[in-house]
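One structure is given here, and the rest of the page talks about it.
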Amino acid sequence: MMLFHEEKLLLSVKNGDANAFASLYETYRPQLLTEAYHKVRNQHEAEDMVQEIFTSLWQRRGQLSITISLKHYLFRAVHLQYAYKCRRNEVARRFVSHTYYTSTDSAVPQNLENKELGQQIRKAATYVSAPACRKVFELLYLQDWSHKEIAQDMNIQPQVVKNQVSRALKVIRTRLREVV
């Protein structure tokens with residue numbers, strides 16, 4: 012249940028009131044920053060997380076439907092942002108370890124192994140049946156675009172980009188396991 016002040020502030024933000032948003036930002040930013048820092052133990056990353064939350068809040072202001080306290084909603088956003096960051100880092104770590112793996116016993120030069128692995132990944136990506144999933148994967152991992160850049164280019168929400176990447180990675184992992 013939201014307090015009257017929170018409801019009024021949120022309604023103003025929904026209507027595009029930048030001053031109300033600034034007030035919301037100044038009120039909750041320090042608390043969210045502390046919470047984010049306790050999770051990531053890095054000031055710069057914590058600031059990035061909080062900034063991402065407020066940026067998303069402003070961008071989605073017209074569609075917001077918050078029925079719980081605003082403070083609780085924002086703290087939940089920090090938790091979800093942290094969970095997303097952990098998943099993204101794990102996927103990236105696995106991808107990099109697969110892409111750059113070389114055997115110490117191997118007489119094959121590293122760049123040749125990377126080239127072959129890259130070809131296997133590209134071939135596995137062709138098995139992704141949904142063209143949008145395949146395109147999102149290629150832009151993210153092969154062309155090094157960010158989620159935001161892809162979302163803007165394809166005119167879709169960032170969460171859709173994440174979902175498409177997840178689907179593509181499942182297919183690609185399956186295909187790579189079959190090759191090995």
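Sequential numbering of the sequence shown, starting at 12, is according to my numbering. Note that CB positions come from ideal geometry on N, CA and C, so glycine has one too. Note that the structure is predicted; figures quoted are calculated from it, not measured.
| Item | Value |
| --- | --- |
| Beta-carbon proximity of Leu85 to Leu43, cut-off 8 angstroms | yes |
| Burial state of Leu1 (16 or more Cβ within 10 Å) | Shown here, the chain extends from 12 to 191; a query on residue 1 therefore has no answer. |
| Contact between the stretch 140-156 and the stretch 72-87 (3+ Cβ pairs under 8 angstroms) | no |
| Opening and closing residue of the alpha helix (DSSP H) in which Glu63 lies | Gln54 to Gln70 |
| Inter-residue spacing [alpha-carbon to alpha-carbon] between Ile161 and Ile167 | 8 angstroms |
| Buried versus exposed call for Arg145 [16 or more other C-beta atoms within 10 Å across all chains shown] | buried |
| Cβ-Cβ distance between Gln131 and Leu68 below 8 angstroms | no |
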